[in-house]
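As given, the protein sequences belong to chains V and G, one line each in that order.
Each step along the first sequence adds one to the number in the numbering used here, with nothing skipped, and position 284 is 486.
Each step along the second sequence adds one to the number in the numbering used here, with nothing skipped, and position 123 is 325.
Everything below concerns the one structure shown next.
Number of protein chains: 2
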Amino acid sequence: MSILIQNVLVNGEISDIRIRGPRIDQIAPSLNPEEADEVINGKGQAAVPGFVNGHTHAAMTLFRGFADDMELKPWLEEKIWPAEAKLTEEDVYVGTRLACLEMIRTGTTLFNDMYWHLPGAVKAVREMGIRGILSAVFIDLFDTEKREEQIEQNISYLEAFRGKDPLVQIALGPHAIYTVSREALEWVARLSEEKGLFIHIHLSETKQEVVDCLKAHGMRPVEYLHDIGLLSDRLFAAHCNYLDENEMDLLTESGVHLVHNPVSNLKLTVGKSIFPYKALSKRGASILLGTDGCSSNNNLDMLETAKFASLLQKWQSDDPTLLPAGETLRILTEAGYRAFGVGNGGIAPGEPADILLIDLNHPQNVPLYHLDSNLVYAVNGSAVTATICNGKLLMKEGVIPGESEIIAEAREAARKFARTL
Amino acid sequence: MSILIQNVLVNGEISDIRIRGPRIDQIAPSLNPEEADEVINGKGQAAVPGFVNGHTHAAMTLFRGFADDMELKPWLEEKIWPAEAKLTEEDVYVGTRLACLEMIRTGTTLFNDMYWHLPGAVKAVREMGIRGILSAVFIDLFDTEKREEQIEQNISYLEAFRGKDPLVQIALGPHAIYTVSREALEWVARLSEEKGLFIHIHLSETKQEVVDCLKAHGMRPVEYLHDIGLLSDRLFAAHCNYLDENEMDLLTESGVHLVHNPVSNLKLTVGKSIFPYKALSKRGASILLGTDGCSSNNNLDMLETAKFASLLQKWQSDDPTLLPAGETLRILTEAGYRAFGVGNGGIAPGEPADILLIDLNHPQNVPLYHLDSNLVYAVNGSAVTATICNGKLLMKEGVIPGESEIIAEAREAARKFARTL
């Protein structure tokens, strides 16, 4: 399979891009279209690398708008947890398909997921054709029996799904230090090192988590994970709102990837401290952005998340020069791809063919003084007209095959939750 | 001219909507399509009132992405002011057309504008067909000669454009207390009262403005305007970030309309205090939302602004129940229309026919537990498929006649600014 994109704005010039199999083959003007299976007219469009969503719970698209504007406790206890208790593997399949549909439409080609009923998510990602780093939620609530069950389940998932598909990577998903025992976290650390598995965890999302950790373990959360041996460049830590200087040093030195989720943090009102970007980026920490799940966002649009991140960080630091557009965009692309070991997140020969086309005739993209600025501040995911992942054309001219069926199935699955409202 | 929208979700039910001339005539199932000049299939769509943008500088679309990520002083002195010095009336016409195009596409049917070269804006609004409350920037820099010039210019604009078009209202635009003399503000207050004109001003955007006002006048900005006699329900005050209790009382009691611009406030980093929504809404103040100009936003999408406002206010007040979706949406519609005296901002017989159709098959709009929630938190302006203003169909199925020409003209106008980058 080969694709030729003609006359597209790429890396600052109008050129052609040839894709062969899963990789970018050549970038040059006037490449021979006869050799291509599919020719795309890129005129009036820009080619940019696909975006990385560093933290989400994809199937929670089914709970988009299910319950909003509530205090955290009743929101979880009266709405989200009872609804999740009814979730089946089929629901997770349907919800993850809807999520992938939205991600293809808004330009995300790689997402880092943690959720229930992993086989449903694996099936959805394989069908939809974007890259998923998929982990099962591991929660043992400090109960030995539950821990053994969870360990067994994770091992069976690894056997069933690991290395079976180029798009799916299975990771370990210990939920958080307040829901997972030390013994389980130690098991996660050992298995991750032994098999080279990524780990996905929630970390220091709220101040309460820090207070409780100090009380229980006499250490702050990052120190506790360090003590367990969980800190490494295989770890993806979502939120990281409450960090002290020593924790920032530990995270940076160990190469942990920190995922900032600005929209979720504002919506769930996690308190006055939100992801210390300035201090972390000065240290050279690995930083990604994420949407979090659709119950706390309520979408998966990485360009919207990029705008929230950039503006919130500027304002928080009282520094309008912080997190400029180009840097924000590199977090969505280069930083993300490198962190997950999938190339360099750029459009260059040899790189994975994960490419978006952006409509330059969208009114919000006019004028075009600086593409990076327009992407981060002016347009949103709706400016994406084509999405290519792993060399496959998933959306062309805004059309995704099978879209209406995926939407109909998601609506149907949502009915049983709507009845409980 | 009559339009019939069939089988659309409106006010919670599937129904038909008949529009006759500039108003909504009837809402009922199965209205006779033979009587309509235009029949729109509303299946899979929701009809909602058009949105109000309470504060913008429309023609600044020409400076979208021109200069970002800079400190305020060099941004203004090295980029924005030199560029604005080159602006012609033709540029303002072209830039306002681009702004109206974007607003039609994202669902804004009424905007409150303040900018240079007013005749260019008037011409653009008349052609584009949405409602503009248009004011010329009034800046005298405390110079008597400039003041006389500005007064003369405003009077000639009123004579030329006032009451000539149902879509255009001419207002007075004293820029701010730090750029306009007391004498000029007194003239504005008198003329506004005499002729019933709206007034559009920037107010207490930064702490510095308050500090300087106290120093110069021995009063805070709102007290100063009160002293001048400018506070009334004809006044639209943009920003209002730094208010004390007495100022909030004064603004509420006098019926001033306060316009919160969350995206601009974050991007320009106006300091830690941002629009005290909770305290103002408790008092019953009239509150609107605005985008501000495209040089500090960088788009005109009111649904994006609604999400920023709702989430920022929740987080600032540490209260996730603050500014819930329904309330936010009422600010964009009912509050906006009532403030400008253009009906009630609802879809009901007798109301102005300013109606949007929203795509319910957009993945971000699935599932549909609560339309308000999806509008504010999940989708953005790209979910708008049709825009009707004053009974005229301006966008149908995502198509706006003349769009490519407007975009080409804006690109051309932007060239001369690009050369100065």
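Ideal Cβ placement from N, Cα and C applies to all residues, glycine included.
All values reported here derive from a predicted model rather than from experimental measurement.
Distance, residue j Cα to residue i Cα
i, j, result
"Val-472(G)", "Trp-517(V)", "7 Å"
"Ala-238(G)", "Arg-222(G)", "9 Å"
"Ala-541(G)", "Ala-261(G)", "23 Å"
"Ile-229(V)", "Leu-211(V)", "11 Å"
"Ala-580(G)", "Gln-410(G)", "36 Å"
"Leu-491(V)", "Ile-372(V)", "20 Å"
"Cys-442(V)", "Asn-356(V)", "25 Å"
"Asp-315(G)", "Gly-375(G)", "9 Å"
"Ser-475(V)", "His-377(G)", "35 Å"
"His-257(V)", "Glu-599(V)", "28 Å"
"Glu-329(V)", "Leu-336(G)", "52 Å"
"Ala-511(V)", "Lys-417(V)", "32 Å"
"Gly-604(G)", "Glu-611(G)", "11 Å"
"Ser-498(V)", "Leu-399(G)", "43 Å"
"Tyr-571(G)", "Asp-521(G)", "23 Å"
"Leu-534(V)", "Ile-205(G)", "45 Å"
Beta-carbon neighbours of residue i, restricted to chain G and to distances below 9 Å
i, result
"Thr-523(V)", "Asp-271, Met-272, Glu-273"
"Val-390(V)", "The premise fails here: Val-390(V) is roughly 31 Å from chain G at the closest Cβ pair, so nothing lies under 9 Å."
"Gly-473(V)", "Trp-517, Asp-520"
"Arg-613(V)", "Val-568, Pro-569, Leu-570"
Where residue i falls, given that 16 or more other Cβ within 10 Å makes a residue buried
i, result
"Asp-435(V)", "exposed"
"Arg-392(V)", "exposed"
"Val-413(V)", "exposed"
"Glu-236(G)", "exposed"
"Met-450(V)", "buried"
"Ile-557(V)", "buried"
"Gly-547(V)", "buried"
"Glu-304(V)", "buried"
"Glu-244(V)", "Before going on, a small fix: residue 244(V) reads as Gly here, not Glu. The residue in question, Gly-244(V), is buried, as its Cβ has 16 or more Cβ neighbours within 10 Å."
"Asn-467(G)", "buried"
"Leu-343(G)", "exposed"
Top-ranked residue by Cα proximity to residue i, from the options
i, options, result
"Ala-550(V)", "Asn-209(V), Arg-220(V), Met-203(V), Thr-311(V)", "Arg-220(V)"
"Thr-310(G)", "Cys-302(G), Glu-395(G), Glu-215(G)", "Cys-302(G)"
"Lys-366(V)", "Glu-286(V), Ala-616(V), Lys-325(V), Ser-406(V)", "Lys-325(V)"
"Asp-494(V)", "Phe-477(V), Pro-478(V), Ser-475(V), His-462(V)", "His-462(V)"
"Gly-543(G)", "Ala-248(G), Lys-348(G), Asn-567(G), Leu-437(G)", "Leu-437(G)"
"Ser-575(V)", "Phe-363(G), Phe-268(G), Ile-282(G), Gln-352(G)", "Phe-268(G)"
"Ala-338(V)", "Tyr-479(V), Ile-401(V), Thr-530(V)", "Ile-401(V)"
"Thr-408(V)", "Gly-398(V), Arg-422(V), Arg-333(V)", "Arg-422(V)"
"Val-578(V)", "Leu-369(V), Tyr-295(V), Glu-455(V), Leu-525(V)", "Leu-525(V)"
"Asn-563(G)", "Phe-363(V), Ile-609(V), Gly-593(V), Gly-545(V)", "Ile-609(V)"
"Gly-486(V)", "Thr-298(V), His-459(V), Ile-207(V)", "His-459(V)"
"Arg-349(V)", "Thr-381(V), Leu-445(V), Gly-331(V)", "Thr-381(V)"
"Phe-265(G)", "Pro-565(V), His-404(V), Gly-583(V), Ala-620(V)", "Pro-565(V)"
"Ile-403(V)", "Lys-397(V), Val-390(V), Glu-396(V)", "Val-390(V)"
Opposing strand residues paired with residue i [DSSP bridges]
i, result
"Leu-491(V)", "His-462(V)"
"Ile-372(G)", "Leu-336(G)"
"Ala-230(V)", "Asp-218(V)"
"Phe-438(G)", "His-402(G), His-459(G)"
"Ile-602(G)", "Bridge partners of Ile-602(G): none, in fact."
"Pro-251(G)", "Ile-557(G)"
"Lys-594(V)", "Cys-591(V)"
"Glu-240(G)", "Ile-205(G)"
"Thr-507(V)", "Beta-bridge pairing links Thr-507(V) to no other residue."
"Arg-225(G)", "Arg-222(G), Pro-554(G)"
"Thr-454(V)", "DSSP, once it has assigned bridges, lists no residue as partnering Thr-454(V)."
"Tyr-317(V)", "Ala-338(V)"
"Leu-312(V)", "Val-254(V), Arg-333(V)"
"Leu-211(V)", "Ile-216(V), Ala-248(V)"
Under 8 Å from the C-beta of residue i: neighbouring residues of chain G
i, result
"Phe-344(V)", "Chain G residues near Phe-344(V): none, gap ~28 Å exceeds 8 Å."
"Pro-224(V)", "Result: empty, since nearest Cβ-Cβ is about 25 Å, beyond 8 Å."
"Leu-453(V)", "Per Cβ cutoff of 8 Å: no residues; Leu-453(V) is ~24 Å from chain G at best."
Within-9 Å CB hit, residue i to chain C
i, result
"Asn-500(V)", "In the structure shown, chain C does not exist; the protein chains are V and G."
Listed by chain order, chain G residues near residue i by CB distance under 7 Å
i, result
"Asp-446(V)", "The contacting residues do not exist; Asp-446(V) stays about 21 Å from chain G at best."
Beta-carbon neighbours of residue i, restricted to chain V and to distances below 7 Å
i, result
"Gln-566(G)", "Glu-304, Asn-501"
"His-572(G)", "Gly-267"
"Asn-255(G)", "Correct list: empty, because the minimum Cβ distance to chain V is about 14 Å."
Contacts that residue i makes with chain V (C-beta to C-beta distance below 9 Å)
i, result
"Arg-307(G)", "His-564, Pro-565, Gln-566"
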